[in-house]
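Residue numbers (the working numbering): 4 to 614.
Note that the Cβ used here is the ideal one computed from N, Cα and C, for glycine as well.
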């Protein structure tokens, strides 16, 4: 049993020090208390002398000492003698001794005698005896007797029994056991509080019941509970207290908790210590942790060691981690081994791995098998893959099934998919629902989509009041509007149309330098409008030769107005044939207004050349 002797009669004598902790998972006898061997020998000698004089308490204490040491033959006569004299502690310990010898029913008889006499330890032992034999009513009776006398192990065993039945009173007794220092009770109470906050069992928020859960995790971890240390580390890591989290992970990992070793590895990796991370991942993987095996595989893949990576991914699969098959698929796909990639993706997808299902669908789609891809996209999307929902939208949009595509885009957008939100915003603009369009465009732009930022800016730009007239040709300097801020965000992300628009707004404010900068950025990225506008700006500043260079670039890219400008430039220079050539180009490029003007210029140049 966990406690030898009756606490009331043995531990209160002052001759013994209460052990720091009791075994909490089994009913076996706890280990002897650590003490100086010389002092123990002297204590034993003193108790022997007292026992020889017929001192019943000394017989009981001596029997307990020998029982702790494992000297069952030496302990039994002393315990029997003390029991015969009515010592309940001796009766309890005699039950422990007989239980160790394998005489469970005889042990129960002596525990009953001690329990009836008021021994909480014996009542606990008797309750567990009955539970092991399936007699739950008797087990509950005796465990309740023990718990109500303040016995921590009795309270825990009663809580465990009630929890097994689904009895709501279980938490009360679990809490009582935890408050009396029972570490497993503290851990289980913390887990129950966590599950109340987050049904899937993850760590709850750090407030209310979450804060109480952390308190109990901390108490259990401080008493050496490795799983409590793991959960405490996770709570602290989420809070950002990484140093303290690392200490608890280390404590748990050293006690053999593979998940803590794995978590410690990730913590070290994030801190830049990849070598130490690999050491802990290796330890966890060797203990059967699939997540650690996957981490090792990814590490070796990054180092360009695909064979070693593959070995660890296979180890992850052997540990029951479906990510191993998924990662093998990714590895094969990167190496161009499409058939093997499909095989591994299928294995993971059939096991319910949603991202593997999405990857398999993409692979099939790339191979031209759209019909085969659709059900895998659907399976992944229904399992919660946001990317798969977006991909379904693309698939249906490609079939011109816009309504179905929009439903999938909306589903992905609701889960935070940036590009899906952009597609919904575009669709709503097309439908004339500007309010909904703006809402989705804001989400997408906030998520980093340059196109969404540009489109949002155009929506806001269209609402702006007209720029007030100004006198003497001087520009009106105003504060930047929200639409300009979104244009600038899109422009800074490389959106060419936004760059041109930012240049135009800067020019309207009279900031020629800023306007030229953005026009040049857009033009160098291939924007014909940017090149044309830059040419206009340079021409106004008197830099006609450079302006012509940019107009030529714009015209070569299909900009009719730029071709017309070049025709005029060459006409003024007297290079009539070159002017006619660019006028012909402007007529072809348009638009109609430009074509009309260019045709008149071309005809005039032709007449001049033929004169």
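Going by DSSP, residue 401 is part of the alpha helix (DSSP H) stretching over 389 to 401. In the three-state scheme derived from DSSP, where H, G and I count as helix and E and B as strand, residue 606 is classed as helix. Contiguous alpha helix (DSSP H) elements confined to the stretch 288 to 369 occur at 293 to 305, 309 to 321, 326 to 337, 341 to 353 and 357 to 369, taking only those with 4 or more residues. By the criterion of a C-beta distance shorter than 7 Å, residue 85 is surrounded in its chain by 59, 62, 63, 66 and 93, once the five residues flanking it on both sides are discounted. Burial of residue 533 is indicated by the presence of at least 16 other C-beta atoms within 10 angstroms of its C-beta. Under a 10 Å Cβ-count criterion, residue 167 is classified as exposed, with fewer than 16 other Cβ atoms of the shown protein chains found around its own Cβ.
Note that the C-beta distance between residue 409 and residue 376 is not below 9 Å. Taking C-beta atoms under 8 Å as the contact rule, residue 155 and residue 191 fail to qualify, at a distance of about 13 Å. About 6 Å separates the Cβ atoms of residue 100 and residue 70, confirming a contact at the 8 Å cut-off. Counting along the chain, the unbroken alpha helix (DSSP H) around residue 257 starts and ends at 245 to 257. In this structure, DSSP gives residue 122 a state outside helix and strand, which the three-state scheme calls coil. When DSSP states are grouped into helix, strand and coil, residue 106 belongs to the coil group.
In the structure shown, the three-state DSSP call for residue 182 is helix.
In chain order, 590 place their CB closer than 6 Å to the CB of residue 602, counting only its own chain and leaving out the 5 sequence neighbours on each side. When 176, 594, 356 and 487 are compared, the shortest CA-CA separation from residue 510 is found for 487. Residue 350 sits buried, since 16 or more C-beta atoms from the chains shown fall within 10 Å of its C-beta. Taking a 10 Å sphere around the C-beta of residue 613, we find fewer than 16 other C-beta atoms and assign the residue as exposed.
For residue 272, the enclosing alpha helix (DSSP H) begins and ends at 261 to 273.
The alpha-carbon separation between residue 133 and residue 142 amounts to approximately 5 Å. Secondary structure of residue 222 (DSSP, three-state): helix.
In the displayed model, residue 94 falls within a helix according to three-state DSSP.
Counted as a single uninterrupted DSSP element, the stretch harbouring residue 152 is not any alpha helix (DSSP H), since DSSP gives it neither H nor E.
The straight-line gap separating the alpha-carbon atoms of residue 164 and residue 225 is approximately 26 Å. In the structure shown, the three-state DSSP call for residue 277 is helix.
Nearest in C-alpha terms to residue 262, of all of 295, 107, 114 and 238, is 295. In this structure, DSSP gives residue 230 a helical state, which the three-state scheme calls helix. Between the stretch 411 to 419 and the stretch 452 to 465 there are fewer than three inter-stretch CB-CB distances shorter than 8 Å, so the stretches are not counted as touching.
The beta-carbon separation of residue 608 and residue 567, rounded to 12 Å, does not stay under the 8 Å limit for a contact. Rounded to the nearest whole angstrom, the C-alpha separation of residue 490 and residue 200 is 43 Å.
Pairing residue 363 with residue 345 gives a Cβ-Cβ distance under 9 Å. One alpha carbon belongs to residue 411, the other to residue 394, and they sit about 8 Å apart.
If you draw a straight line from the Cα of residue 161 to the Cα of residue 173, it is about 7 Å long. Apart from sequence neighbours up to five positions away, the residues of its chain that approach residue 414 with a beta-carbon distance below 6 Å are 392, ordered along the chain. The Cβ neighbour count for residue 171, taken over all protein chains shown within 10 Å, is under 16; the residue is labelled exposed. In this structure, residue 553 places its C-beta atom within 9 Å of the C-beta atom of residue 526. For residue 547, the secondary structure class from DSSP, reduced to helix, strand or coil, is helix.
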